[in-house]
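Remarks on the structure that follows.
Residue numbers (the numbering used here), protein chains in the order written: chain A, 613 to 819; chain B, 613 to 819.
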C-alpha cells in the first residue's frame, strides 16, 4: 500500500481502482496526443476537431491548451528559457495524469524544443505518447497569423518568438506528421481523421 | 474562438466539445471532492474506498494524492510555507481541470491551512467543491501513525510536521465531516457511503 521514498518522507499510495479498471469503464486506452508546431500551424484547430471526432465515437478526450494553462497552473511562469521548460514539464505531468485516468489527453503547445518534448515522452510508456508534428511552412503560418503575433514579433514588440527570433526544433521521430500538400491545406476533419486512424490502428479506441 | 488577454500575448481557446458534452457522455457531473485532515486521519483510505464505490456504480473518478503529486508535478517543491502553498495551488488547478473534464476528482492532501483550501475552492463554482474534513483526534492519528512520521516528528527528525509543530486549521464550512463516534471508527465503506450519499443527493451522479 505504501512505500517510503529514500530521500524524503513521501509515500506512494496505491488504489485498487487503477488505470486498467478506468480504461475498461471507458472502453478506450489512456494516452497523450502531443501536438507541436509553430504558432498559426493549426494545433488548436486540430485539437478541437479531434475532440469532436472522438466524442462522436463515444470516446472521452480532454484538451490541454498551452495558452489556457498559462491562465491556470502555469500562470506563475513567463517566457524565459527555464520558464518555457517548466511550462512544458508541468503540462507533461498533467497530461500523464489524464492518460492514467484513462482519457485521450490532447496537449496543444508550440513546445519548440526537442529536449522538452522528449522529457514529456519519457514520462509515459513510449507507445502512449503520440507526437503530432504540424509541419506547416513558416510563411503560411505567418500569412495566417490568427492572433496577430507574427506582426508584433516582426515589429520587435514581442521578443523570443518561435520561428522569428527563437528556434523551432522539428521532431526527429514523431508518430504523425500533418503536412501541407502542395497548395492544398488539410481540412480540420482530414487532420483529425489522420490522428483517429492512428489511434484506432494502435488499439487506443477500445479496451 | 479566441480573445486576447490584455497584459500578455496569451489567448483563450474554446472548443465545441465542452464540459456539458463530456458530462453527458459520462452521465455524471464533474466536481472536486477535497479531503483534508491530519496525517493518519484516513484520507487515502477514504479516497480509495470512494473510488471503488463510484467505479462500482459506473462513475469515473480520479484520485489526486498529495504524496504522489510530489513525485511528479510538484517534485520541485519542498515543505517551506510558500512551497506548501504552491503545492496546494497546483493541486487545485489540476483538480479543476479534472472536474472540467467531467470526472469526480478526489484530492487527498493534509492541506492544513484554511486559506490555501479556500484558494482552491475559489477556483471552482462553489457547489462543485466538496470539502471533506477527516475530523479525527490527533491522539488517534498519532497512535495509528501508518507511515511512522509522528514518531520521527516527536523525535525532532522531521520539522514543521502538521499537528506536532505546525498547525492544522480545521474547516469552518466544510460540506462533509467524517467523525470518530465515541469509541467507534467509521469503516472505509461507511466513510465512502457518506460521501456518495452527498454526491447523489446533489445530483453529481447523473447528468
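C-beta: ideal position from N, C-alpha, C; glycine also.
Beta carbon proximity, residue i to chain B, threshold 8 Å
i	result
residue 702/A	yes
residue 729/A	no
residue 808/A	no
residue 787/A	no
residue 762/A	no
residue 643/A	no
residue 711/A	no
residue 640/A	no
residue 628/A	yes
residue 674/A	yes
residue 801/A	no
residue 811/A	no
residue 685/A	yes
residue 705/A	yes
residue 618/A	Reliability fails at residue 618/A, whose pLDDT of 41 lies under 50, so the model's placement of it is uncertain and the value that follows must be treated cautiously. No - not a single Cβ of chain B is within 8 Å of the one on residue 618/A.
residue 721/A	no
residue 667/A	yes
Endpoints, the beta strand (DSSP E) within which residue i is located
i	result
residue 791/B	788-791
residue 743/A	741-747
Beta-carbon gap between residue i and residue j smaller than 8 Å
i	j	result
residue 803/A	residue 661/A	yes
residue 648/A	residue 721/A	yes
residue 644/A	residue 707/A	yes
residue 676/A	residue 703/A	yes
residue 642/A	residue 715/A	yes
residue 765/B	residue 776/B	yes
residue 808/B	residue 788/B	no
residue 786/B	residue 744/B	yes
residue 770/A	residue 784/A	no
residue 758/A	residue 658/A	no
residue 778/B	residue 724/B	yes
residue 638/B	residue 667/A	no
residue 701/A	residue 731/A	yes
Test: residue i CB closer than 8 Å to a CB of chain A
i	result
residue 637/B	yes
residue 660/B	yes
residue 708/B	yes
residue 633/B	yes
residue 805/B	no
residue 670/B	yes
residue 650/B	no
residue 663/B	yes
residue 815/B	no
residue 614/B	With a pLDDT of 38 at residue 614/B, under the threshold of 50, the predicted position of this residue should be treated as unreliable, though the coordinate-derived value follows. Yes, residue 614/B lies at the interface with chain A (some Cβ there is under 8 Å from its Cβ).
residue 715/B	yes
According to DSSP, residues forming a beta bridge with residue i
i	result
residue 719/A	646/A, 676/A
residue 774/B	778/B
Whole-angstrom C-beta distance between residue j and residue i, which should lie under 8 Å
i	j	result
residue 672/A	residue 635/A	Rounded, the Cβ-Cβ distance is 11 Å, inconsistent with contact.
residue 653/B	residue 717/B	Between residue 717/B and residue 653/B the Cβ distance is about 20 Å, and since that is not below 8 Å, they are no contact.
residue 699/A	residue 689/A	5 Å
residue 719/B	residue 646/B	5 Å
residue 736/A	residue 711/A	6 Å
residue 810/A	residue 650/A	Contact flag wrong, Cβ pair sits at about 22 Å.
residue 664/A	residue 685/B	Actually they are not in contact, since the Cβ atoms of residue 664/A and residue 685/B sit about 28 Å apart, beyond 8 Å.
residue 746/A	residue 687/A	Not really, about 25 Å apart at Cβ, beyond 8 Å.
residue 691/B	residue 772/B	6 Å
Residue range of the alpha helix (DSSP H) that includes residue i
i	result
residue 667/A	655-668
residue 798/B	Run containing residue 798/B: none; DSSP gives neither H nor E here.
residue 766/B	761-766
residue 737/B	Note, residue 737/B: premise wrong, no alpha helix (DSSP H); not H, not E.
residue 635/B	631-638
residue 713/B	That residue, residue 713/B, is in no alpha helix (DSSP H); it is neither H nor E in DSSP.
residue 752/A	750-756
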